[in-house]
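Have a look at the structure below before the remarks.
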Amino acid sequence: MKHTRYNSEIGSLLKYCKLPVEDLTGDASVLFLEEWAQGELAGVVGIEVFDDAGLLRSLAVRPSYRGYGLGTRLVHRAEAQAAEIGIRTLWLLTDSAAEFFELLDYERAERSSAPEEIKQSAQFRDLCPESAVLMRKETDGI
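Counting in the numbering used here, the sequence shown runs from 32 upward without gaps.
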């Protein structure tokens with residue numbers, strides 16, 4: 032499965048969707064999966080890799096492509112990529128999409144239950160508010 036590094040097109044879409052980019056660089060710690068349509072970046076999702084845990088982040092779909100299942104497809108692609116590279120559990124933080132992720136079998140979790148490497152991520156420590164919902168999903172069987 033093809034993935035890419037953070038770049039200006041991804042940054043523009045994330046900023047447009049009001050998602051944090053402060054900790055993103057072109058290094059390989061976050062893998063991005065892109066979806067293109069009509070010559071433009073229609074959607075993106077990232078996986079921040081921490082050994083056998085991963086942080087699903089930066090799910091963004093351009094408004095003109097919402098409502099067609101693109102976000103769901105991107106999450107499924109990210110889950111498959113995570114399983115392929117040995118990530119056993121995907122974690123995420125969300126302010127506004129907990130119900131969406133519950134439909135995709137993510138479970139709400141107490142912030143204290145996150146692995147230490149997830150707790151040390153910029154997303155967990157600094158970028159997402161304490162009110163953000165922590166969720167998790169095992170990649171077994173994906």
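Positions of the beta carbon are idealized from the N, C-alpha and C atoms, including for glycine.
Identity of the residue in the options nearest residue i by Cα
i	options	result
residue 56	67, 47 and 40	40
residue 174	64, 81 and 167	Residue 174 falls outside the range modelled here, since the chain spans only 32 to 173, and no answer is possible.
residue 100	61, 84, 154 and 135	135
residue 128	106, 114, 111 and 113	106
residue 52	103, 146 and 79	79
residue 74	170, 130 and 108	108
Collapsed DSSP secondary structure at residue i in the structure displayed
i	result
residue 169	strand
residue 60	coil
residue 70	coil
residue 80	strand
residue 50	coil
residue 55	coil
Enclosing alpha helix (DSSP H) for residue i [first to last residue]
i	result
residue 40	39-47
Per DSSP, the bridge partner or partners of residue i
i	result
residue 65	75
residue 93	DSSP output for residue 93 lists no bridge partner at all.
residue 36	Paired residue(s): none; residue 36 is not in a bridge.
Within the stretch 98-163, ranges of the beta strand (DSSP E) (whole runs, at least 3 residues): 120-125 and 138-140
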